[in-house]
Amino acid sequence: MHWLGILRSWLTGPDLAAAAEQIAIRNRTAVWQRIQHRAGELGLAEARGYVRVKASQLVRAAVDRELDVHGSTHEAQRSQLEQLAMEAVLRLAVMDTMNAQRTEGAKRYLQTRRAA
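Each residue of the sequence shown is one higher than the last, beginning at 896 in our numbering.
As structure tokens, this is what we get:
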């Protein structure tokens, strides 16, 4: 974990940070299915915005489920968990998007090399 993640865990408590990471991991495939058709054409800033829009409902629903399971309805905790989960989802989805772009670029490069 990088230093910013350590600081965030210390400030928010390990339970919220861990729950946010788990929400992001559990929803990674669903988010990817929503964004993959545009993954090849987005820059970094565009990808973050696009993911934020496409994943917001998923994250809210996942946070609601998580808090229902643990019996917490404190609004500040809900808001904080939603923010942390969205940051984690963004990090994973942008990583997936950039990896897909690199893979697609490598495929195109190999195809042009073979054609030449």
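By construction, the Cβ of each residue, glycine as well, lies at the ideal position given by its N, Cα and C atoms.
Within 10 Å of its beta-carbon, does residue i have 16 or more other beta-carbons around it, so buried, or fewer, so exposed?
i	result
Met990	exposed
Ala1001	exposed
Asn922	buried
Val964	exposed
Val946	buried
Residue j and residue i - do their beta-carbons sit closer together than 7 Å?
i	j	result
Thr998	Ala934	no
Leu985	Val958	no
Ala1037	Ala983	For residue 1037 there is no data in the structure shown, the boundaries of the chain being 896 and 1011.
Hey, how far is the Cα of residue i from the Cα of residue j?
i	j	result
Arg1008	Trp927	30 Å
Ala915	Leu953	13 Å
Ala950	Glu961	16 Å
Ala995	Leu937	11 Å
Gly944	Gly966	31 Å
Arg929	Val948	10 Å
Ala925	Gln931	10 Å
Asp910	Leu939	29 Å
Would you identify the three-state DSSP class for residue i, choosing helix, strand or coil?
i	result
His969	coil
Leu937	coil
Mind reading off the beta-carbon distance from residue i to residue j? Whole number of angstroms is fine, and I expect it under 8 Å.
i	j	result
Leu979	Ala912	6 Å
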